[in-house]
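These notes are about the structure you will find just below.
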Amino acid sequence: MFKPKELTDGPLTLLSTLASSYEDEHQEGDEVLYDYAPRTREHENNGLKRIAASGRKVILLKQVKGKPRPEYMVFAPVAMLGFDDAARKVRLSLAGAQAEAARIPAPVPAPFSKAYAETVVKARLHQAHFRRQTLAAYQERCCVCELRERPLLDAAHIVPDRLPEGVPTIRNGLAMCPTHHRAYDQAILLVTEDYRVEVRSDRLAYGDSDATRRTLLDFHGRSLWLPKEEGLRPDPELLRKKIELAA
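Okay, so the sequence shown: first residue is 3 according to the working numbering, each after it adds one.
Structure (structure tokens):
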């Protein structure tokens, strides 16, 4: 957190970074313990208490990718439930928070689930880490067309996360540009067990157009761009499962 001494209210944004010596602690459900600022910046802690006393809420920025070009999850509004001066921690509630991050979908929890907020928050963080790890494994390039613009890349699940096998791990992931990600999700584009691209031309509405040829058909039969480390490459069993699902 940061609040200049000259301001009389308090900090409205809390920052949780990967490199910080402080560590957030997840409690039951949707609660998180956030460390106080160091004693040399006690005015920030006092300001935060004033914000809480006035009934206002704060924003939590949680880093999910390190420098350079760090990426953050944004949680807002975040309520402050209490302060523990002995442990020097503030207890935060993410129950009413909306988590925002580009291209990271939230799952649909069971109706009336008491763990709704926890389900959304944890899944968002898992998906953010999944994207970071998958893009790193593929050296930040699309495995089909080799586009190397990180802001434009997604981490695509091989087996969808709605299924038990669809866990957010690197071997169930493919780094893809949005076009090839959508084509993969729609089973227009598939990846075989020997890591070759297969384009289902029978599922294309305009297969004879130049744009479709350049974007999709020209990649049919090509080898996938793969991580150098074999243990990070797609699991053939999961690729087979995806093809079965597409049948």
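Quick reminder that beta carbons are idealized off the backbone N, C-alpha and C, glycines included. If you're wondering where the values come from, they're calculated on a predicted model, not measured in any experiment.
Put Tyr74 into one of helix, strand or coil per three-state DSSP.
The answer is strand: DSSP assigns Tyr74 an E or B state.
Along the chain, which unbroken stretches of the beta strand (DSSP E) at least 3 residues long are found entirely within the stretch 162-227?
Here the runs fully enclosed are 175-178, 191-193 and 199-201.
Cβ atoms of Val161 and Leu240: under 7 angstroms apart, would you say?
Yes, these two residues count as a Cβ contact at 7 angstroms.
Hey, Met178 and Asp156 are a contact pair by Cβ (cut 8 angstroms); roughly how many whole angstroms apart?
So it is a contact: roughly 6 angstroms between Cβ atoms.
Can you name, in chain order, every residue of its own chain whose Cβ lies under 7 angstroms from the Cβ of His222, other than the five neighbours on each side?
Hits under 7 angstroms: Val199, Glu200 and Val201.
Near Arg90, what residues of its chain come up, given a Cβ to Cβ distance below 7 angstroms and the 5 sequence neighbours on each side ignored?
Taken in chain order, the residues that qualify are Asp37 and Tyr38.
Classify Leu154 as buried or exposed, calling it buried when 16 or more other Cβ atoms lie within 10 Å of its own Cβ.
When all chains shown are included, Leu154 counts as exposed.
Is Pro13 buried or exposed, if buried means 16 or more other CB atoms sit within 10 Å of its CB?
Its Cβ being crowded by 16 or more others within 10 Å, Pro13 is buried.
Classify Pro236 as helix, strand or coil using the three-state DSSP reduction.
It is coil, neither helix nor strand.
Have a look at Ile190, His131, Glu151 and Val92 and flag the residue whose alpha-carbon is nearest the alpha-carbon of Ile245.
When each option's Cα is compared against that of Ile245, the closest is Ile190.
How is Ala158 classed by DSSP in three states: helix, strand or coil?
Three-state result, Ala158: strand.
Just grab the DSSP bridge partners of Leu62 for me.
Leu16 and Phe77.
At a cut of 8 angstroms, does the stretch 64-76 reach the stretch 41-56 through at least three beta carbon pairs?
No: fewer than three Cβ pairs fall under 8 angstroms.
In whole angstroms, what is the alpha-carbon distance linking Thr194 and Arg71?
So the alpha carbons of these two residues sit roughly 34 angstroms apart.
Quick check on the burial criterion: 16 or more other C-beta atoms within 10 angstroms. Buried or exposed for Ala158?
Buried, by the Cβ-count rule.
Taking the alpha carbon of Ala139 as the point to measure from, which residue in Leu20, Glu231, Arg43 and Arg242 has its own alpha carbon closest?
Selected option, being the one with the closest Cα: Glu231.
Helix or strand or just coil, what does DSSP make of Arg133?
The answer is helix: DSSP assigns Arg133 an H, G or I state.
What is the rounded straight-line gap between the Cα of Pro107 and the Cα of Arg41?
Only weak support exists for where Pro107 lies, its pLDDT of 46 falling under 50; the coordinates are left without a value.
Under the DSSP definition of a beta bridge, which residues are partnered with Tyr36?
Val92, per the DSSP bridge assignment.
Count the other C-beta atoms from every protein chain shown that fall within 10 angstroms of the C-beta of Pro113, then say buried if there are 16 or more, exposed otherwise.
Residue placement at Pro113 is flagged as unreliable, the pLDDT there being 41, under the threshold of 50; the coordinate-derived value follows with that caveat. With fewer than 16 other Cβ atoms within 10 Å, it is exposed.
Pull up the DSSP beta-bridge partners for Asp87, would you.
Paired residues: none, contrary to the question.
Mapping DSSP to helix, strand and coil, what is Lys67?
Lys67 falls in the strand class under three-state DSSP.
Taking a contact to mean a Cβ-Cβ separation below 7 angstroms, would you say Leu16 touches Leu62 in this structure?
Going by C-beta atoms, Leu16 is nearer than 7 angstroms to Leu62.
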